[in-house]
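Below is one structure, written out as structure tokens; the observations come after it.
Protein chains: 2
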Amino acid sequence: MAKKGSLLSFRPDIKVVDATIRDGGLVNDFRFTDEFVKELYRANAAAGIDYMEFGYKASKDIFDENAFGEWKFCEEDSIRRIVGDNDTDMKIAVMADVGRCNYKRDIINKADSAIDLIRVATYINTIPAALKIVEYCHNLGYETTVNIMAISNARETEISEALEMIGNSPADGIYIVDSYGALYMEEIEVLTEKYLETAEKFGKYVGIHAHNNQQLSFANTITALTHGVSYLDATVCGMGRGAGNCASEQLLGFLKNPKYDIIPLLKFMEKQMELIKEQGVEWGYNIPYLLTGQTNRHPRSAISATKEKRTDYLNFYLELNDKD
Amino acid sequence: MAKKGSLLSFRPDIKVVDATIRDGGLVNDFRFTDEFVKELYRANAAAGIDYMEFGYKASKDIFDENAFGEWKFCEEDSIRRIVGDNDTDMKIAVMADVGRCNYKRDIINKADSAIDLIRVATYINTIPAALKIVEYCHNLGYETTVNIMAISNARETEISEALEMIGNSPADGIYIVDSYGALYMEEIEVLTEKYLETAEKFGKYVGIHAHNNQQLSFANTITALTHGVSYLDATVCGMGRGAGNCASEQLLGFLKNPKYDIIPLLKFMEKQMELIKEQGVEWGYNIPYLLTGQTNRHPRSAISATKEKRTDYLNFYLELNDKD
Numbered sequence: 000m001a002k003k004g005s006l007l008s009f010r011p012d013i014k015v016v017d018a019t020i021r022d023g024g025l026v027n028d029f030r031f032t033d034e035f036v037k038e039l040y041r042a043n044a045a046a047g048i049d050y051m052e053f054g055y056k057a058s059k060d061i062f063d064e065n066a067f068g069e070w071k072f073c074e075e076d077s078i079r080r081i082v083g084d085n086d087t088d089m090k091i092a093v094m095a096d097v098g099r100c101n102y103k104r105d106i107i108n109k110a111d112s113a114i115d116l117i118r119v120a121t122y123i124n125t126i127p128a129a130l131k132i133v134e135y136c137h138n139l140g141y142e143t144t145v146n147i148m149a150i151s152n153a154r155e156t157e158i159s160e161a162l163e164m165i166g167n168s169p170a171d172g173i174y175i176v177d178s179y180g181a182l183y184m185e186e187i188e189v190l191t192e193k194y195l196e197t198a199e200k201f202g203k204y205v206g207i208h209a210h211n212n213q214q215l216s217f218a219n220t221i222t223a224l225t226h227g228v229s230y231l232d233a234t235v236c237g238m239g240r241g242a243g244n245c246a247s248e249q250l251l252g253f254l255k256n257p258k259y260d261i262i263p264l265l266k267f268m269e270k271q272m273e274l275i276k277e278q279g280v281e282w283g284y285n286i287p288y289l290l291t292g293q294t295n296r297h298p299r300s301a302i303s304a305t306k307e308k309r310t311d312y313l314n315f316y317l318e319l320n321d322k323d
Numbered sequence: 000m001a002k003k004g005s006l007l008s009f010r011p012d013i014k015v016v017d018a019t020i021r022d023g024g025l026v027n028d029f030r031f032t033d034e035f036v037k038e039l040y041r042a043n044a045a046a047g048i049d050y051m052e053f054g055y056k057a058s059k060d061i062f063d064e065n066a067f068g069e070w071k072f073c074e075e076d077s078i079r080r081i082v083g084d085n086d087t088d089m090k091i092a093v094m095a096d097v098g099r100c101n102y103k104r105d106i107i108n109k110a111d112s113a114i115d116l117i118r119v120a121t122y123i124n125t126i127p128a129a130l131k132i133v134e135y136c137h138n139l140g141y142e143t144t145v146n147i148m149a150i151s152n153a154r155e156t157e158i159s160e161a162l163e164m165i166g167n168s169p170a171d172g173i174y175i176v177d178s179y180g181a182l183y184m185e186e187i188e189v190l191t192e193k194y195l196e197t198a199e200k201f202g203k204y205v206g207i208h209a210h211n212n213q214q215l216s217f218a219n220t221i222t223a224l225t226h227g228v229s230y231l232d233a234t235v236c237g238m239g240r241g242a243g244n245c246a247s248e249q250l251l252g253f254l255k256n257p258k259y260d261i262i263p264l265l266k267f268m269e270k271q272m273e274l275i276k277e278q279g280v281e282w283g284y285n286i287p288y289l290l291t292g293q294t295n296r297h298p299r300s301a302i303s304a305t306k307e308k309r310t311d312y313l314n315f316y317l318e319l320n321d322k323d
């Protein structure tokens, strides 16, 4: 399949989306200090990052607000405290999870909000519910994407139908999400082709959100990019659930657009990321994550194994293959 | 460029070469216990690994034998103590470094040796010296490969000339070696095509040895494989210099030939690899390695930074760009 761009040139349609607070929040219950979030905001803006995702728009009717830091809920006041009127070139994103948000109550008119982009996370069987949120947010004036999670478990015919439905919606972008870190680059190429075919027909863009279970999150992200995907998710030091994500510092070293600058991120990392690791917050590749990735399973058993510091890899592998 | 094979089938020309003792020896001065080497030998044989590399054939005139474990020198007696008459399907390999071995003295007739394959490591400017060793070893009855190191620093015209020279030699295989972990998959595709063109003309195979500086060693290995490379280097837990290598457990999870079995490796890892990590032996991806990989530098400055536990990433990056 045809490649877009080359190793020395750059494509202006490429956008980098920092998801450190949102996906990283899944490993520390969204308990970031204000200093961390403010410094990340400044570092991202200086590094040329195009969007910064602040967290989830989760409903407080569903989640106990004492059990999580405020970025689980991303209230307008929280974001404003960090970004003020956001006088940077960077846009602000949040994620709304199908079935876990009260969007009609919690999402206000774009004109009154610091948020630019609402990313709707959905499994393939809840696309109609996702499109309800997309329509609502689009009508309020937001950019929107549909992020189809756990795509390694979906069938081709389902994906085709889902893409056609999203194509006919007002969503601006469609995301390939490899929640289980199970996909190989060859599969990413096939999905990219499939997503792009629909996206181009309907004038939308395609994004990718990769997980690092098999140490392929960076490889899969640049493979998707090479074949035409334009929105690229990354997190500082790959901070994110389980094995984590494509790291911003990997991606910025690859991208050739001179607007991107790795230096503000290196400065941020040596202070704030070292602090957060000292607090014992853990993520990143290990053998249990590799094994759930290889076998295309949800990482939950590997998350438990990591917490318990299990090194009985063979038993873990046998349990994994026994479970279903 | 055309792909060979598919994700569900397997190519019988694929061979997995375990380089744990040889490349891993670079991080512990080749000081492995006999138990480690014996259990690795058994695990590899049971896992279907095709070749196990035991270490270097280094000259004791050049290297102090008290400063290293015995696998730096791979004497016949050392190997025999582990493998006896090697009544497995797995072949035995060693590496001979141009300028660091006394091959005429130290390499005996194949008929009297436990070794099957001698891999000659060379920089591109010492190919003629490498081919002298290849001819000598070939005439003694060994399989041979030429492993051109640091290929990310070589020019296309040099590579073409080197390949033609190797093509006309009795070497059985030619290796792509990304010593600096600097190459992206697109570059691996181009090199694969280039190497294969010559290799196929002369009836030789192509191999790949990748480093994990940018977390691309597994990605680059399967990209090379997908495009026709057949000899794949891997090490258990990626143990190897600096950021390490493609991990055997990653690769065996990808390969579809039913002769490969990850289980013996998982058992080996949970005992012997955990022990070696407890001893404080260190390798694997970190930010300094990422930065030397991105900038296509020898990892030596990152190795020092790792030893010193430096986290002043920005200074490290500035030093890296200042140095030459």
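Chains as they are written, first to last, in numbering that gives the first Met the number 0: chain A, 0 to 323; chain B, 0 to 323.
By construction, the Cβ of each residue, glycine as well, lies at the ideal position given by its N, Cα and C atoms.
Bear in mind that the values here come from a model prediction, so they are computed numbers and not experimental data.
Identify which residue in the options has its Cα closest to the Cα of residue i.
i: Val36 of chain B; options: B:Gly54, B:Asp49, B:Asn211; result: B:Gly54
i: Ile106 of chain B; options: B:Asp84, B:Arg99, B:Glu74, B:Arg79; result: B:Glu74
i: Arg80 of chain A; options: A:Ser58, A:Gly98, A:Ser112; result: A:Ser112
i: Ala1 of chain B; options: B:Thr87, B:Ser8, B:Leu195; result: B:Leu195
i: Val119 of chain B; options: B:Tyr141, B:Ala110, B:Lys109, B:Ile187; result: B:Tyr141
i: Thr222 of chain A; options: B:Ile61, B:Met184, B:Val280; result: B:Met184
i: Leu290 of chain B; options: B:Ala42, B:Thr305, B:Leu319, B:Leu264; result: B:Leu319
i: Leu274 of chain B; options: B:Asn167, B:Thr32, B:Trp70; result: B:Thr32
i: Asp115 of chain B; options: B:Val97, B:Asp84, B:Asp96, B:Gly98; result: B:Asp84
i: Gly279 of chain A; options: A:Asn256, A:Ile48, A:Lys306; result: A:Lys306
i: Leu250 of chain B; options: B:Val228, B:Ser229, B:Gly283, B:Thr220; result: B:Thr220
i: Leu182 of chain B; options: B:Leu39, B:Asp76, B:Ala153; result: B:Ala153
i: Ser8 of chain A; options: A:Lys266, A:Pro257, A:Lys270; result: A:Pro257
i: Val228 of chain A; options: A:Glu192, A:Ser5, A:Glu269; result: A:Glu192
In chain A, which residues lie with their C-beta within 7 Å of the C-beta of residue i?
i: Leu265 of chain B; result: Tyr312, Leu313, Tyr316
i: Thr225 of chain B; result: Glu185
Is there a C-beta anywhere in chain A that falls below 8 Å from the one on residue i?
i: Glu192 of chain B; result: no
i: Glu273 of chain B; result: yes
i: Glu281 of chain B; result: no
i: Ile360 of chain B; result: Any answer about residue 360 of chain B is impossible in this case: the structure gives chain B only from 0 up to 323.
Residue i CB to nearest chain B CB: under 8 Å?
i: Glu269 of chain A; result: yes
i: Ile132 of chain A; result: no
i: Ile207 of chain A; result: no
Between the beta-carbon of residue i and the beta-carbon of residue j, is there less than 8 Å?
i: Cys100 of chain B; j: Lys56 of chain B; result: yes
i: Pro298 of chain A; j: Tyr179 of chain A; result: yes
i: Lys203 of chain B; j: Asp232 of chain B; result: no
i: Ile13 of chain B; j: Leu254 of chain B; result: yes
i: Leu162 of chain B; j: Ile175 of chain B; result: no
i: Val26 of chain B; j: Arg240 of chain B; result: yes
i: Gly23 of chain B; j: Thr294 of chain B; result: no
i: Thr144 of chain B; j: Gly206 of chain B; result: yes
i: Glu157 of chain B; j: Ile123 of chain B; result: yes
i: Ile126 of chain B; j: Ile165 of chain B; result: yes
i: Met94 of chain B; j: Glu64 of chain B; result: no
i: Leu264 of chain A; j: Glu248 of chain A; result: yes
i: Tyr284 of chain A; j: Gln214 of chain A; result: yes
i: Ala45 of chain B; j: Asp260 of chain B; result: yes
i: Phe67 of chain A; j: Asp96 of chain A; result: no
At a CB-CB cut-off below 7 Å, which residues of chain B make contact with residue i?
i: Gln278 of chain A; result: Correct list: empty, because the minimum Cβ distance to chain B is about 15 Å.
i: Ile221 of chain A; result: Tyr183
Name the chain B residues whose beta carbon is nearer than 9 Å to that of residue i?
i: Gly252 of chain A; result: Gln213, Leu289, Leu290, Gly292, Gln293, Thr294
i: Phe217 of chain A; result: Gln213, Gln214, Leu215, Ala218
Per DSSP, which one or two residues make a beta bridge with residue i?
i: Ile147 of chain B; result: B:Thr121, B:Ile175
i: Glu248 of chain A; result: Partner(s): none; Glu248 of chain A has no beta bridge.
i: Thr234 of chain B; result: B:Ala246
i: Tyr204 of chain A; result: A:Gly172
i: Ala209 of chain A; result: A:Asp177
Given that residue i touches chain A, what residues does it touch there, using C-beta distances under 8 Å?
i: Leu6 of chain B; result: Tyr183, Glu185, Glu186
i: Glu248 of chain B; result: Ile286, Leu289
Find the residues of chain A that neighbour residue i, judging by a C-beta separation of less than 9 Å, and give them in chain order.
i: Ile48 of chain B; result: Within chain A, no residue comes near Ile48 of chain B; the closest Cβ sits about 17 Å away, beyond 9 Å.
Please list the partners that residue i has in chain B, where partner means a Cβ-to-Cβ separation under 8 Å.
i: Ile262 of chain A; result: Leu313, Tyr316
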